[in-house]
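Engineer: Taken in order, the sequence shown gives residues 12 to 190; the numbers are from our numbering.
Once you've had a glance at the structure underneath, I'll fire off some questions.
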Amino acid sequence: KQWYQRRVAITAGGVEVLNDHSLIAFQGPKAVPILQKGIRHSLSQLYFNHTTLADVHGIPCRVTRCGYTGEDGVEISVPDNKVVELVEKLLDSDGKVQLAGLAARDSLRLEAGLCLYGNDISENTTPVEAALMWTIGKRRRAAKDFPGAETIMKQFSAKPKQGQKRKKYRLRLCVDTTA
């Protein structure tokens, strides 16, 4: 936690907690084109993990190009007193926008191989065990300048993976529909 707080303070100037805002995850292959109709900012210029302040259907919001479904999309931070209005405008903006719950998100994130903290991973799970080594870039691996680098790089380099307590596997269900 201390490493994270120092890192955020260095890279972002701190974190501001907004207790009076709600978050809408607007995800799916058509999410961005649909949202573009209700926002002046060019979403084609809003790259993954970048954020901007923008009016969405006339409501001041923070729009971040991100998501946790494996699909393209955005997360919209909106004042609590405007969240119902914005959701209704999004639902009315295109005949195909629908509400979806966490179970729908979970099925998509599992298909995409994305882990959920507290469910699939925890502070006791290393990136090697979680099949998340792709999250540590080659430069950082070489420099070994990240928390837990000694343990993680030892696990990553070992053949077979020594010190690894568990390993995440993905299963794919194949159904023969010709029968």
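Cβ atoms here follow ideal geometry from the backbone N, Cα and C, with glycine treated the same way.
Fair warning: this is a prediction, and the values are worked out from it, not measured in the lab.
#1: Helix, strand or coil for Ser168? Go by DSSP, reduced to three states.
#2: Would you give the residue range spanned by the beta strand (DSSP E) that Ile87 belongs to?
#3: Which residues in the same chain have their Cβ closer than 7 Å to the Cβ of Ser104, if we skip the five residues on either side of it in sequence?
#4: Taking the Cβ atom as the reference point for each residue, do Ala36 and His52 lie within a distance shorter than 7 Å?
#5: Just verifying my parser: in three-state terms, what is the DSSP assignment at Asp31?
#6: Apply the 10 Å Cβ neighbour rule to Val43 and answer buried if 16 or more other Cβ atoms are within range, or exposed otherwise.
#7: With a threshold of 16 other CB atoms inside 10 Å of the CB of Arg116, please say whether the residue is buried or exposed.
#8: Compare the Cα-Cα distances from Ser118 to each of Asp131, Gly106, Thr189 and report the closest residue.
Structural biologist: Short version:
#1: Ser168 falls in the helix class under three-state DSSP.
#2: 84–90
#3: Ile45, Lys48, Gly49
#4: no
#5: coil
#6: buried
#7: buried
#8: Asp131
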